[in-house]
Amino acid sequence: MPHSTFPLVIDARPRGPHGPLAGELVQGRCVLGHLLDMARTLDDATVVIHARLDEHPRLTDLLSDRSAAQYEFATGPPPENASILRTDRLYDRQRLQRALRKGKDPESAVLWRLDQPHGLSGAEAELTRRQSYQPLGRYWALAPAQLIARRLQPTRIRPNALTLASASLVMGAALAVAFLRSTPLTHLAEAIALALALVLDTSDGHLARIQGTASELGRWLDATLDELGDMALHAAIAWSAFARDGHPGWLLLGMLYGMGKYVFVVTTAPGATEEKNGSARSPQRSAVTTSLPVTLRRSRLKAWVRLMGHADVRWHLWIALAVIGRLDAALIVYAVYFPVRAMGSALGKVVRHA
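Those letters in the sequence shown? Residues 14 to 367, by the numbering used here.
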């Protein structure tokens, strides 16, 4: 029978060759930070971290950019009835959520073990691979994207070239939406351009991994051009609808989308919290951890709402609506969606830190 409440704790006692594995960096963040952030997405309650007493100061330093209200330290082993996240493990958040909801051991949600040979060296690549997960594109875009990457691996073509090609297709589709006459042929051309852009956008990451050419510049370029294409396409949709109907409300929707998306990105960016101003206080330490039940509040409705904002889902919506010449529906939906999500995120942070 599913359990709705449970004690959730982090076991930071596992050690590696250089000390506590909690301090090892994965994707620029310590393992302890990864686990704390994951635990906080499941519930806003204080997370109890079990560690050796002499290591509390070191672990405190690792979490110096977080509010002390998010966690507290304890000594000794975690309670037997707790759901334990170990710092020698990396977990899949969705699988962990399901496991906790059903009262199962979090071990069933482990995606990578750091206590095995090459554990640390392979963790980065595994997390990066999983970040490219596509709810819809994996059923059709992933295979051609991987094929393109394999064909280009021995060549001098680098991932940034695919990123630029993908962005060019999106910008081309945006220009077609804005300035070409609306016909079934142009609708089909726009949909094809967006579909090809998605394949190339998927392929650049795979090419970077198999060539070993991944770089900070490439990641920045990919993220920046994705946002630029997103904004350009919705601006084109707003202009096209305004030119068609002459109603200024379309231009207002375009501005609302741009502002809402910007605020949403800012308020949901990792580390965009009040703790960055240095006002965090010292954490409390407690030896009592059998209390602090964690309530799993993320409903399926909330998961579906989040899924609506997934870039892959929005990209497929563009393709489908482009075919029937109704991209304006995407503008209407997301001109409401992103401002509401941004407002909800901002209010949530205000309430949590009040």
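Beta carbons are placed, not taken as given, at the ideal position from N, Cα and C, and that holds for glycine.
Going by C-alpha distance, which of the options is nearest residue i?
i	options	result
residue 233	325, 34, 176	176
residue 350	272, 339, 28, 335	272
residue 64	55, 56, 84	84
residue 56	81, 110, 88, 29	110
residue 158	192, 221, 114, 122	221
residue 366	80, 47, 93	80
residue 197	337, 53, 78, 62	337
residue 260	313, 199, 213, 341	341
residue 66	90, 316, 258	90
residue 346	152, 318, 58, 62	318
residue 166	30, 224, 60	224
residue 70	82, 54, 87, 59	87
residue 362	280, 60, 339	280
residue 28	258, 129, 316, 199	129
residue 315	37, 42, 54	54
Grab me the residues of residue i's own chain with a C-beta within less than 7 Å of its C-beta, minus the 5 sequence neighbours each way, in chain order.
i	result
residue 68	33
residue 226	171, 172
residue 94	20
residue 178	213
Can you name, in chain order, every residue of its own chain whose Cβ lies under 8 Å from the Cβ of residue i, other than the five neighbours on each side?
i	result
residue 155	147, 215
residue 185	206
residue 332	204, 207, 208, 211
residue 180	210, 238, 239, 241, 242
residue 343	247, 250, 327, 330, 331, 334
residue 118	96, 112
For residue i versus residue j, is the C-beta spacing smaller than 9 Å?
i	j	result
residue 26	residue 100	yes
residue 103	residue 76	no
residue 44	residue 35	yes
residue 98	residue 24	yes
residue 251	residue 230	no
residue 161	residue 201	no
residue 187	residue 269	no
residue 39	residue 47	yes
Give every residue of the same chain whose Cβ lies closer than 6 Å to the Cβ of residue i, excluding the five residues on either side of it in the sequence, and list them in chain order.
i	result
residue 51	106
residue 235	176
residue 255	263, 264
residue 329	149
residue 191	249, 252, 253
residue 122	104, 105, 108, 109, 112
residue 354	277
Hey, is residue i close to the ligand NAD, as in C-beta under 8 Å from one of its heavy atoms?
i	result
residue 112	Judged by which ligands are present, the structure shown has none, so any question about the ligand NAD falls away.
Examine chain B for any beta-carbon lying closer than 9 Å to the beta-carbon of residue i, and answer yes or no.
i	result
residue 216	Reference to chain B is not applicable here, since this structure consists of a single protein chain.
Are three or more beta carbon pairs between the stretch 273-282 and the stretch 351-358 nearer than 8 Å? Segments in contact, yes.
Closer than 8 Å is the cut-off here; do at least three beta carbon pairs connect the stretch 320-330 with the stretch 245-254? Counting C-beta pairs with one atom in each stretch, the stretch 320-330 and the stretch 245-254 have fewer than three that are closer than 8 Å, which means they do not touch.
Which runs of the alpha helix (DSSP H), 4 residues or longer, sit entirely within the stretch 322-348? Those alpha helix (DSSP H) runs which fall completely within the stretch 322-348 and span 4+ residues are 324-336.
What are the uninterrupted segments assigned as beta strand (DSSP E) that are 3 or more residues long and contained completely in the stretch 178-227, given in chain order? With a minimum length of 3 residues, no continuous beta strand (DSSP E) run stays inside the stretch 178-227.
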